[in-house]
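Let me begin by presenting the structure, written as structure tokens, before commenting on it.
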Amino acid sequence: MGILGKAKPTKPYPSFPLTAHPNGQWCKKIRGKVHFFGVWADHDTALKRYLALAADLHAGRQPQASRLSPEGLTVKDVCNSYLSWQKGKMEAREIGERWFEDCRSILKGFAGLTGKNRLVADLRPNDFQRYRARQAKRLGVHALTREITVIRSMFKYAYESDVIERPMKFGAGFSAPSASVKRKAKTQAELQHGKRLFRKEELLSILKASGPCLKAAVLLGLNGGFGNLDCATLPLSTIDFDTGVIEYGRPKTGVRRVMPLWPETTEALRKMLTDERPEPADEETAKLALLLPNGRPLVRQIVTRSESGEPKKISRLDLLSRHFAELLKELRVHRSGIGFYALRHTFRTWADEVKDQHAVHRIMGHAIPGMSGIYVEEISLDRLRAVVDHVRSKIFSQ
502 MGILGKAKPT
512 KPYPSFPLTA
522 HPNGQWCKKI
532 RGKVHFFGVW
542 ADHDTALKRY
552 LALAADLHAG
562 RQPQASRLSP
572 EGLTVKDVCN
582 SYLSWQKGKM
592 EAREIGERWF
602 EDCRSILKGF
612 AGLTGKNRLV
622 ADLRPNDFQR
632 YRARQAKRLG
642 VHALTREITV
652 IRSMFKYAYE
662 SDVIERPMKF
672 GAGFSAPSAS
682 VKRKAKTQAE
692 LQHGKRLFRK
702 EELLSILKAS
712 GPCLKAAVLL
722 GLNGGFGNLD
732 CATLPLSTID
742 FDTGVIEYGR
752 PKTGVRRVMP
762 LWPETTEALR
772 KMLTDERPEP
782 ADEETAKLAL
792 LLPNGRPLVR
802 QIVTRSESGE
812 PKKISRLDLL
822 SRHFAELLKE
832 LRVHRSGIGF
842 YALRHTFRTW
852 ADEVKDQHAV
862 HRIMGHAIPG
872 MSGIYVEEIS
882 LDRLRAVVDH
892 VRSKIFSQ
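In structure tokens, the structure reads:
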């Protein structure tokens, strides 16, 4: 079976000298080493490349770069091989659809700027440094870090999977922004737009103006640092109204999360599950705690498929963030950098005042760092309640 779970193709004719490899390419073992010559879908090009290199490879010589042109491995080939691997991981639920789409979009841009038909053997450190310099002018530090990480990961995968024969040389300049650069960017953003925090008066006005579903989501964000996807994927089965606790593995990380509920949060969730609950759109949606009036999730993936049925584009429809931003504008408290996720920032900032980091990690669904993460088995509900009650006092105290 190949990396996408598909059966490897048979040889196009009996005398075809190459063999289908599970990584999606035609290959041949020569002098004890497996060499790759092109993707399954284009056996003619793979054969041409093999014939161009065969004499050198069988003789134990390193093929000259000129022999690789024009049928050598291209940037497009490596991108497609990496995306095929990532797609297999996505279908196995090892990575999310959004991360796969981020990889696809980043590599499409990279191939467009460097040349999708450019030979990989022709790439030099200057190419990567020029690409980084261009992207640094249009991207923030975190987006730039993500792009560099994806591109480096692609070539690391290609080398370790024998798609390319040598590690890629990126040069000293193709690195993620340093911690100091990120700190400076954060400071500059705070000077321009303020911190990513809400004030007590803003939160009270938001809660007062929110409809039942949005109010429940906002309270989850404040009560325990729920993000938009956390709210959208919260399973009904994880809410224990008798003990007033939500407990489950956070979808983004799988890390255990335990969140004692405020009375206000409990009331809002009860209301959503009784008087205000719409008819779920399907069986899977029926398992979720929060639904839109049309019975669909607050955040969902939209997959655009090609004629063959393969995913062509994966986009996210985040109506929770959209409705929250509209409400902020209506209340005239909207500013750049402030969205639904700022509720999570607000919770974490106030929760830190309790000085119980392990309890905060457990509530937010963060892995407890270091050796403590191995040895700490339980954190008492009293400690967790002390954290959430302190945050509650910052909002609802007289």
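Read left to right, the sequence shown gives residues 502 to 899 (our numbering).
Where a beta carbon is used, it is the ideal one built from N, C-alpha and C, also for glycine.
Can you tell me which of the three DSSP states residue i falls into?
i    : result
Y514 : coil
Y632 : helix
T734 : coil
H824 : helix
S816 : strand
P761 : strand
G539 : strand
R833 : coil
V588 : The displayed chain sequence assigns Lys, not Val, to residue 588. Three-state result, K588: helix.
V800 : strand
T520 : strand
T847 : helix
I531 : strand
L558 : helix
L620 : strand
R568 : A caution first: R568 carries a pLDDT of 46, below 50, which makes its placement in the model too unreliable to give a value.
E785 : coil
R599 : helix
A769 : helix
L640 : coil
G613 : helix
A887 : helix
M872 : coil
T646 : helix
G725 : helix
I652 : helix
P626 : helix
S857 : Just to set this straight, residue 857 is Asp in the shown sequence, not Ser. D857 falls in the coil class under three-state DSSP.
I896 : helix
Name the one or two DSSP bridge partners that residue i has.
i    : result
D741 : V746
C714 : Looking at the DSSP assignment, C714 forms no beta bridge with any residue, so it has no partner.
L720 : Answer is none; L720 lacks a bridge partner.
T575 : L620
Q526 : V540
So residue i and residue j are supposed to be a Cβ contact under 8 angstroms. How far apart are they, rounded?
i    : j    : result
L735 : L789 : 7 angstroms
G573 : R550 : 7 angstroms
A612 : C580 : 5 angstroms
L832 : S706 : 5 angstroms
A769 : A717 : 4 angstroms
E648 : Q636 : 6 angstroms
A787 : N795 : About 14 angstroms separates the two Cβ atoms, so there is no contact after all.
P561 : P626 : The sequence shown places Gly at residue 561, not Pro. Incorrect: roughly 29 angstroms between the Cβ atoms, too far for contact.
I896 : L698 : With 8 angstroms as the limit, I896 and L698 do not qualify as a contact, their Cβ atoms being about 12 angstroms apart.
T615 : D603 : Actually they do not touch by this definition, with Cβ atoms about 18 angstroms apart.
P513 : A521 : 10 angstroms between Cβ atoms; not a contact.
L708 : T766 : With 8 angstroms as the limit, L708 and T766 do not qualify as a contact, their Cβ atoms being about 11 angstroms apart.
C714 : L793 : 7 angstroms
R633 : G674 : 6 angstroms
Report yes if the CB atom of residue i is closer than 8 angstroms to the CB atom of residue j, and no otherwise.
i    : j    : result
V759 : L885 : yes
V901 : D663 : Nothing in the structure corresponds to residue 901, since the chain is present only between 502 and 899.
R754 : G597 : Arg is not the amino acid found at residue 754; the sequence shown has Thr there. Going by C-beta atoms, T754 is not nearer than 8 angstroms to G597.
V621 : V576 : yes
V861 : A868 : no
L723 : V892 : yes
D857 : A826 : no
I901 : L829 : Nothing about residue 901 can be read from this structure; the chain reaches only from 502 to 899.
W600 : Y658 : no
D819 : V800 : yes
G750 : I864 : no
Q542 : L519 : The question names Gln, but residue 542 is Ala in the sequence shown. Not closer than 8 angstroms, so no.
V642 : K683 : yes
I531 : L558 : yes
C528 : F517 : no
K624 : M669 : With the sequence shown as reference, residue 624 is identified as Leu, and Lys is not the correct amino acid for it. It is a contact, given that the beta carbons lie within the stated cut-off.
H859 : S881 : no
I want to see whether chain D comes within less than 8 angstroms of residue i, judged by CB atoms only; does it?
i    : result
H835 : Looking at the structure shown, chain D is missing, and only one protein chain is on hand.
Any chance the CB of residue i is under 7 angstroms from a heavy atom of the ligand HEM?
i    : result
K701 : Among the components modelled here there is no ligand, and therefore nothing to report on the ligand HEM.
Query raised in the report: Is it a yes or a no for the region 720 to 738 touching the region 841 to 850, going by three-plus beta-carbon pairs under 8 angstroms?
Result: yes
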